[in-house]
Amino acid sequence: MMARLYRGGFDALAWALYGFMLAPLVCVVLVSFNADAVQSFPPRALSLHWYWHALNEPSFVSGAVTSAVLALCATALATPAGVAAALALHRSRWRGKAALELLLLAPLVVPGLVIGIALLVTLAGMDVREAPLRLLIGHVLIVLPYVVRTTLASLARLDPALTEAAETLGANRLAAFLQVILPLIRPGVVAGMLFGFILSFDDVSVSLFLVDARTVTLPLAIMSYLQYNFDPSIAAISSMLIGLTILVVVVVERRLGMKQLFTG
Amino acid sequence: MTKAAISALDGRFASRLGPVRSGRQGVSGASSLLLLPAVLVVCFCLLVPLAYVVVLSFNPPVTGEVELTNELTLVNYARLFLQPFYSAILLRTISVSAITTFLCVGFGLVLALSIWRAPPRQRGLRVIIVISPLLVSIVTRTYGWMVVLGDNGILNTLLRAMGLIDEPLHMMFTQGAVIVGLVHVFLPMMVLSILAAMDKIDPALAQAAETLGASSFVAFWKITFPLLIPGLTAGVTIVFSLAMSSYVTPALMGGRNAGMLTTLIYQQFVVTYNWHFGAALVVVLLTTSLIALALVLLESGRRTRAWLVKP
Chain G
1 MMARLYRGGF DALAWALYGF MLAPLVCVVL VSFNADAVQS FPPRALSLHW
51 YWHALNEPSF VSGAVTSAVL ALCATALATP AGVAAALALH RSRWRGKAAL
101 ELLLLAPLVV PGLVIGIALL VTLAGMDVRE APLRLLIGHV LIVLPYVVRT
151 TLASLARLDP ALTEAAETLG ANRLAAFLQV ILPLIRPGVV AGMLFGFILS
201 FDDVSVSLFL VDARTVTLPL AIMSYLQYNF DPSIAAISSM LIGLTILVVV
251 VVERRLGMKQ LFTG
Chain L
265 MTKAAISALD GRFASRLGPV RSGRQGVSGA SSLLLLPAVL VVCFCLLVPL
315 AYVVVLSFNP PVTGEVELTN ELTLVNYARL FLQPFYSAIL LRTISVSAIT
365 TFLCVGFGLV LALSIWRAPP RQRGLRVIIV ISPLLVSIVT RTYGWMVVLG
415 DNGILNTLLR AMGLIDEPLH MMFTQGAVIV GLVHVFLPMM VLSILAAMDK
465 IDPALAQAAE TLGASSFVAF WKITFPLLIP GLTAGVTIVF SLAMSSYVTP
515 ALMGGRNAGM LTTLIYQQFV VTYNWHFGAA LVVVLLTTSL IALALVLLES
565 GRRTRAWLVK P
């Protein structure tokens, strides 16, 4: 009797918590289709009006372009550096290795806000005040540790005999890397790149102190819009981002498996 | 002073690279060349700027001044710890983070257990529901809570429609709203940490206890829970330090009297331009996170090794 009660209570609490996790995202999507400017629930009429409104809001459009270009450039710069470093770390057996690994993963440990401020202050001290440059530096730091981590994880699963075989058969280091190792670790590298890209695109805390009036990323554009307006166009742009993320996740899951991202 | 800081870091950097060149097992020059770009990026774009902020926090406060000077002082820290207005914010930040962490532990255990016990086919779906907030921008998540908790929000509308209340409840812009938002943001991390620990537990252990007559509650409390301690330790420290340094949720969901350390930091850097005091606040925030990290490293070596991805 007690056991059944305990189980029942436990299940009820668990389902309430699943609801809690989903509630805000589901509500955002529901509100985005609401025709009224004032929130009403359930919606009286459905419309795509707010999607149109969001796509015509200049700060969202320029923010989306800025964020996309920034995330692309940061991923493009961080990936070769991260893969190269992971490769060297994987191969080496010397004692300082753990310290270097820790160093390369350090950007994960330092709060984003602190990274942003440190860059702002240091670059201002050097009289560098260009927002695009300091944003790029900050976002490379966001992407780099994820590429290092997922590449290291894929390398760890690699059979070392494969490289040796390639080299025995006459391939030099570069050829062995390009023709044998790279195709095998590609899923891990791509998973790290995608995760890094999403985190860079969604980032608020690093960018918060690095943007200026002319260069604003999408999440910060949404945030400043939110401080003065509360119409459902925020819900519409948010729903589009949710849809985009689901798309990326489905692709990653189909092609690589989500486990790549969380079990580094 | 900057140069001193840079050369100090260079020194540490060189001592780290030392073994590369002279180590007995040795690494080829090509390997250290491969490491160079990433290591340089982290050193010059993260470690040097952090050192700069630390030095700045010990310089006397001059509004608008960003160059480092040789004058060292504790004025900025004294202001934070001795003025009641600021120390109250510090205490509030710590207590909000502690409450958030406490709730995450309780809810995280329930969710992780529910995922663990679920039939294999449902497991994936449950995991995706729990981590779904991680995949959306924090601004979107926070806006979602504003839609749910607002005066004309969904929760108030539902409660009114059911006739439970006449006047809307004021839930937004309170301490409670901040905690709800933070728990939602960080619960996935807690669940993932606990699940990582659960994966290493043999389910037969709890079953054996139940066969031998323990109720499922006792079996959980006496058998499963102690084995979860490493995962919980990691989760607690991760959630606590992330909650301390969260900005968006308190800024958007907190009212005028719910300011946290991060919103105060934002004020110093963007509104009042008192960068020296701001730098001191950043150092306090960073120290707290690093102490939390040190706890992870010391308390659960097993998980740390997995996290560092050793071959």
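Protein sequence lines correspond, in order, to chains G and L. Residues in the first sequence are numbered consecutively from 1, following the numbering used here. Residues in the second sequence are numbered consecutively from 265, following the numbering used here. For each residue, glycine too, the CB sits at the ideal point set by N, CA and C.
| query | result |
| --- | --- |
| 6 Å Cβ shell around Phe504(L) - same chain, five flanking residues per side excluded | Ser361, Thr365, Ala556 |
| Enclosing alpha helix (DSSP H) for Cys73(G) [first to last residue] | 58-91 |
| Cβ-Cβ distance between Thr526(L) and Leu446(L) below 7 Å | no |
| Residue-level contact to chain L via CB, Val251(G), 7 Å cutoff | no |
| Cβ-based contacts, 8 Å cut-off: residues of the segment 368-383 of chain L near chain G | Phe371, Val374, Leu375, Leu377, Ser378 |
| Contacting residues, own chain, Cβ-Cβ under 6 Å from Ser67(G) (five flanking each side not counted) | Phe201, Thr217, Leu218 |
| Distance CB(Thr404(L))-CB(Ser238(G)) smaller than 7 Å | yes |
| Asn200(G), enclosing alpha helix (DSSP H) - first and last residue | Position check: residue 200(G) holds Ser in this sequence, whereas Asn was assumed. 182-202 is the span of the alpha helix (DSSP H), which, as asked, contains Ser200(G). |
| CB contact below 7 Å: Glu331(L) versus chain G | yes |
| Beta-carbon proximity check, Ala235(G) vs Val31(G), cutoff 7 Å | yes |
| Which of helix, strand or coil DSSP assigns to Leu314(L) | helix |
| Proximal chain L residues relative to Thr122(G), where beta-carbon distance stays under 8 Å | Val312, Pro313, Tyr316, Val317 |
| Enclosing alpha helix (DSSP H) for Ile226(L) [first to last residue] | Residue 226(L) is absent from the model: chain L starts at 265 and stops at 575. |
| Sub-7 Å separation of Gly523(L) and Ile353(L) beta-carbons | yes |
| Close-in-space but distant-in-sequence residues of the same chain around Thr438(L) (CB under 7 Å, 5 per side omitted) | Gly519, Ala522 |
| Cutoff 7 Å; reference Pro588(L); Cβ partners in own chain excluding five residues on either side | Not covered by the structure: residue 588(L). The range shown for chain L is 265 to 575. |
| Test: Ser321(L) CB closer than 7 Å to a CB of chain G | no |
| Buried or exposed (CB count within 10 angstroms, at least 16 for buried), Asp11(G) | exposed |
| Interface flag, Tyr407(L) vs chain G, CB-CB below 7 Å | yes |
| Local conformation of Asn340(L) per DSSP, three classes | helix |
| Three-state secondary structure assigned by DSSP to Asn323(L) | coil |
| Neighbour flag for Ser509(L) against chain G, beta carbons, 7 Å | yes |
| CB contact below 7 Å: Ala278(L) versus chain G | Because Ala278(L) sits at a pLDDT of 42, beneath the cut-off of 50, its placement in the model cannot be relied upon, and the following sentence gives the value as read from the coordinates. So, not an interface residue. |
| Cα-Cα separation between Ala382(L) and Ile246(G), rounded to whole angstroms | 23 Å |
| Within 9 Å of chain L by C-beta, residues of the segment 197-228 of chain G in sequence order | Ile198, Phe201, Asp202, Asp203, Val204, Ser205, Leu208, Phe209, Leu218, Pro219, Leu220, Ile222, Met223, Leu226, Gln227 |
| Leu299(L): contacting residues in chain C (beta-carbon distance under 8 Å) | Looking for chain C here will not work: the only protein chains present are G and L. |
| The alpha helix (DSSP H) enclosing Gln439(L), as first and last residue numbers | 439-462 |
| Cβ distance (whole Å) where Leu310(L) is taken to contact Ala106(G) below 8 Å | 6 Å |
| Range covered by the alpha helix (DSSP H) that runs through Met524(L) | First-last for Met524(L): undefined, no H or E at that position. |
| Contact set between Leu549(L) and chain G, taken where Cβ atoms lie within less than 7 Å | Pro111, Val114 |
| Burial state of Met410(L), where buried means 16 or more other Cβ atoms lie within 10 Å | buried |
| Residues of its chain near His53(G), where Cβ-Cβ distance is below 6 Å and the 5 sequence neighbours each way are ignored | Ser233 |
| C-beta neighbour in chain L for Val180(G), strict 7 Å | no |
| Status (buried if at least 16 other CB within 10 Å, exposed otherwise) for Trp485(L) | exposed |
| Proximal chain L residues relative to Ala14(G), where beta-carbon distance stays under 7 Å | Val374, Leu375, Ser378 |
| Boundaries of the alpha helix (DSSP H) in which Cys368(L) is found, first to last residue | 348-381 |
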